[in-house]
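Visitor:
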Amino acid sequence: DAGITQSPRYKITETGRQVTLMCHQTWSHSYMFWYRQDLGHGLRLIYYSAAADITDKGEVPDGYVVSRSKTENFPLTLESATRSQTSVYFCASSADGYYGYTFGSGTRLTVV
Amino acid sequence: EDQVTQSPEALRLQEGESSSLNCSYTVSGLRGLFWYRQDPGEGPEFLFTLYSAGEEKEKERLKATLTKKESFLHITAPKPEDSATYLCAVQGFQGAQKLVFGQGTRLTINP
Numbered sequence: 001d002a003g004i005t006q007s008p009r010y011k012i013t014e015t016g017r018q019v020t021l022m023c024h025q026t027w028s029h030s031y032m033f034w035y036r037q038d039l040g041h042g043l044r045l046i047y048y049s050a051a052a053d054i055t056d057k058g059e060v061p062d063g064y065v066v067s068r069s070k071t072e073n074f075p076l077t078l079e080s081a082t083r084s085q086t087s088v089y090f091c092a093s094s095a096d097g098y099y100g101y102t103f104g105s106g107t108r109l110t111v112v
Numbered sequence: 113e114d115q116v117t118q119s120p121e122a123l124r125l126q127e128g129e130s131s132s133l134n135c136s137y138t139v140s141g142l143r144g145l146f147w148y149r150q151d152p153g154e155g156p157e158f159l160f161t162l163y164s165a166g167e168e169k170e171k172e173r174l175k176a177t178l179t180k181k182e183s184f185l186h187i188t189a190p191k192p193e194d195s196a197t198y199l200c201a202v203q204g205f206q207g208a209q210k211l212v213f214g215q216g217t218r219l220t221i222n223p
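Going down the list, the sequences are from chains W and D. Following my numbering, the numbering of the first sequence begins with 1 at its first residue and continues without gaps. Following my numbering, the numbering of the second sequence begins with 113 at its first residue and continues without gaps.
Okay, here's the thing in C-alpha cells:
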C-alpha cells in the first residue's frame, strides 16, 4: 500500500526494556521525522533525517536512537524505556522538508 | 526560539455557528505556516500552507488567513464532521525543515 505506515499501532513494554518503533514510506521522500505527542505539550520533534545515513536531533532526543540505512525506513529505538516515554509517537515524511509533512497513524506506547 | 500558541484550547459550537481559531507565533523569519486537522486516534492531516502576510486559502467551510504575528482558521457554518483538533505549526528559514507545533484547538460541533 502506498503511503506512510507505522508499526505497531499499540505497544506495552516494561521499564528498562528496549523497544523499536517502525516507520515505512513508499514515496521515496528524502525527509523523515519522529514526533511525540503528549497532553499539555503538543507535538515535539525527537529526531529527523534529511536522507539515508543523515540524521539530526530535534527538541527532545534524550533516550532515543534512530537510524536510516534505507530511504524508506526510519526506525526509532528507545534504548531503555522509562515511564516518561509513555506517549503517542508519530512518524512523518516530506519530499523536500518545506511543503508540509504527511503523517502516519501513530504508535501508542505505554511503559509500565 | 520559534513558538506557537493556539487559542482557545477547546471550542464547542452548534451546527451552523461560525467562529475562528487563533494561532499566534514568533519565528525568526517565517518560511511557512501550516494548518493540520487531527481526528482522535489518527495522525495530523494537512490542510493549508500560508507563506506571507495577507495570504488566504480556503477549503470547503474552512478559510485560513495570515498576518505577521498570527493566523486565523475561520470555520463557516460548521457541521458535526468538522469536529476535530486543529493544529497550527510554523517553519522558519533557520529551522532546517523542522515544524514547530502549537498545542491545538479541540473543536466540537454539536448537531
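Glycine included, every Cβ here is placed at the ideal spot set by N, Cα and C.
For Q209 (chain D), name the three-state secondary structure that DSSP assigns.
Guide: The answer is coil: DSSP assigns Q209 (chain D) none of H, G, I, E or B.
Visitor: In terms of DSSP beta bridges, what is H186 (chain D) paired with?
Guide: D:S132 and D:K175
Visitor: Nearest to D194 (chain D) by CA position, among D:P223, D:V212 and D:Q209, is which residue?
Guide: The shortest C-alpha separation from D194 (chain D) is found at D:P223.
Visitor: Residues of chain W with CB closer than 7 Å to the CB of P156 (chain D), please, in chain order.
Guide: F103
Visitor: Starting from W55 (chain W), trace the beta strand (DSSP E) in both directions and tell me its first and last residue.
Guide: The question names Trp, but residue 55 (chain W) in the sequence shown is Thr. Run containing T55 (chain W): I54 to K57, per the beta strand (DSSP E) assignment.
Visitor: Please report the Cβ distance between F90 (chain W) and G106 (chain W), rounded to the nearest whole angstrom; I am assuming they are in contact, meaning their Cβ atoms lie under 8 Å.
Guide: 5 Å
Visitor: Regarding G40 (chain W) and the ligand FMN, is the C-beta to nearest heavy atom distance less than 7 Å?
Guide: Among the ligands in the structure shown, none appear at all, so the ligand FMN cannot be discussed.
Visitor: Specify the secondary structure class of Q6 (chain W) as computed by DSSP and reduced to three states.
Guide: Strand.
Visitor: Say whether the region 32 to 51 of chain W touches the region 10 to 18 of chain W, bearing in mind that this needs 3 or more beta-carbon pairs closer than 8 Å, one atom from each stretch.
Guide: no
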